[in-house]
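The sequence shown begins at 24 in our numbering and counts up one residue at a time.
Think of the CB as a built atom: it goes at the ideal place given N, C-alpha and C, for glycine as much as any other residue.
What you are looking at is a predicted structure, and each value in this text was computed from that prediction instead of being measured.
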Amino acid sequence: MEIPPIGRVHKTESADIMKIEVHPELAEGLKDIDSLKKIDVCYWMHKLDEEERKKLKVHPRGNLKNPLTGVFALRSPMRPNPIGVTKVKLVRREDNNLFVEGLDAYDGSPVLDIKGG
Numbered sequence: 024m025e026i027p028p029i030g031r032v033h034k035t036e037s038a039d040i041m042k043i044e045v046h047p048e049l050a051e052g053l054k055d056i057d058s059l060k061k062i063d064v065c066y067w068m069h070k071l072d073e074e075e076r077k078k079l080k081v082h083p084r085g086n087l088k089n090p091l092t093g094v095f096a097l098r099s100p101m102r103p104n105p106i107g108v109t110k111v112k113l114v115r116r117e118d119n120n121l122f123v124e125g126l127d128a129y130d131g132s133p134v135l136d137i138k139g140g
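Written out as structure tokens, the structure is:
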């Protein structure tokens, strides 16, 4: 199975705002997204290494005082398929670029999908 990214996450000058650059050939799919206040962004957590992806139990929030818990019961980034999903505030759209607030992805993260929130 292969899921090609629809775009990438980029830092902006503002610490609170991230830019999602959607591939230009997919920009038509952004029609009417401006009318939304919130969107869900699905992205690949590309900085997670192979060893971290093998962990199936972790201490919630990285706190060793918390009991080991299965990754599928948590929102931990450590997981076999490191897909992140974040509901964000849509600040504005400029052509094929979306400017969002609240995205916890790294600069350069591949964006897999965007859904109306």
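For Lys138, the uninterrupted beta strand (DSSP E) run begins and ends at 133–139, by DSSP. Burial state of Leu91 is exposed, judged by a 10 Å Cβ sphere holding fewer than 16 other Cβ atoms. Under the DSSP assignment, Lys88 falls outside any beta strand (DSSP E); it carries neither an H nor an E label. Separation of His69 and Pro133 (C-alpha to C-alpha, rounded to the nearest whole angstrom) is 7 Å.
The shortest CA-to-CA distance from Ile26 to any of Asn119, Ile106, Lys138 is the one to Ile106. For the alpha helix (DSSP H) assignment, the uninterrupted runs of no fewer than 4 residues enclosed by the segment 32–102 are, from N- to C-terminal side, 73–77.
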